[in-house]
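In the numbering used here, the protein residues as written are 1472 to 1737.
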């Protein structure tokens, strides 16, 4: 289930710019002659990546000053199952019970995500999925993976979704999805019922795996979630200095997960 609508521009940049590549980008934006960024005119659009790789559940294309939301039901331990040893897969996420979301940014933007419980996800034949044991967690990578997994990773338990290996690393690159480049993740501390993060990102394609990390199982395997996305413009040239950006970052660091163009673990 996807919903989209335009939103107002953000007044503050809500991502920590601690990585050298972010600092370089921010410096470039502050230099004379840097191109100004034009806010997008269209609301977010539903997209479907080409078949053949990750079995994406849903997707969105976002300009600047857009919003969009995705909802569904995922496993309580889909993002990380304590029963999966790190020796098998670092991070230990279940590929078939997580939801995979494809996002396209049509221009550079600050992308924000709020992932929370959603008690309005329909469950067949009737009723709605429970939420009482949903503790949201997610991982974001740059790029999409739209080619089949290497044959040595094929797992017959994937119920026909040969592009998804049964388990995935939720804190780094994914061996069977070699086109993805890890950016960031949020590991639920066992008490959070909603989580929020923001990243300053270039235009391009991104992959998110959303799931759950419950402190204990309660017998209800699937839980309803809502993933709400919004974008805001990158500051115009000269509007914010690196020192101002760093100051804003310190105010927001407890609520933000900071993305980067390279790999960053937690």
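The beta-carbon is built from N, C-alpha and C at its ideal position, and this holds for glycine as well.
For residue i, three-class secondary structure by DSSP
| i | result |
| --- | --- |
| residue 1537 | strand |
| residue 1637 | coil |
| residue 1595 | coil |
| residue 1570 | strand |
| residue 1547 | coil |
| residue 1645 | coil |
| residue 1705 | coil |
| residue 1692 | coil |
| residue 1516 | strand |
| residue 1577 | coil |
| residue 1530 | strand |
| residue 1736 | Model confidence at residue 1736 stands at a pLDDT of 32, short of 50, so the residue's coordinates are unreliable; what they give is reported in the following sentence. Of the three classes helix, strand and coil, the one that applies to residue 1736 here is coil, per DSSP. |
| residue 1619 | coil |
| residue 1554 | coil |
| residue 1564 | strand |
| residue 1471 | The structure shown does not extend to residue 1471, since the chain spans only 1472 to 1737, so no value can be given for it. |
| residue 1494 | Per-residue confidence for residue 1494 stands at a pLDDT of 36, beneath the threshold of 50, marking its modelled position as unreliable; no derived number is given. |
| residue 1697 | strand |
Beta strand (DSSP E) segment containing residue i, residue limits
| i | result |
| --- | --- |
| residue 1656 | 1652-1657 |
| residue 1682 | 1675-1683 |
| residue 1585 | 1580-1588 |
| residue 1607 | 1607-1613 |
| residue 1667 | 1665-1672 |
CB contact flag (residue i, residue j, <8 Å)
| i | j | result |
| --- | --- | --- |
| residue 1674 | residue 1610 | no |
| residue 1551 | residue 1563 | yes |
| residue 1422 | residue 1518 | An answer regarding residue 1422 cannot be provided, because it is not within the stretch 1472 to 1737 covered by the chain. |
| residue 1672 | residue 1582 | yes |
| residue 1579 | residue 1705 | yes |
| residue 1525 | residue 1655 | no |
| residue 1700 | residue 1595 | no |
| residue 1548 | residue 1684 | yes |
| residue 1613 | residue 1677 | yes |
| residue 1533 | residue 1702 | yes |
| residue 1694 | residue 1601 | yes |
| residue 1523 | residue 1619 | yes |
| residue 1574 | residue 1679 | yes |
Distance cut-off 7 Å: residue i Cβ against heavy atoms of the ligand ADP
| i | result |
| --- | --- |
| residue 1639 | The ligand ADP is not among the ligands present in this structure, which contains no ligands whatsoever. |
| message | If contact is defined by three or more beta carbon pairs under 8 Å, each pair taking one atom from either stretch, is the segment 1600-1608 in contact with the segment 1581-1590? | response | yes
| query | Taking contact to mean at least 3 C-beta pairs separated by less than 8 Å, is the segment 1687-1694 in contact with the segment 1644-1653? | reply | no
| query | On the three-pair Cβ rule with 8 Å, is the segment 1535-1548 touching the segment 1656-1665? | reply | no
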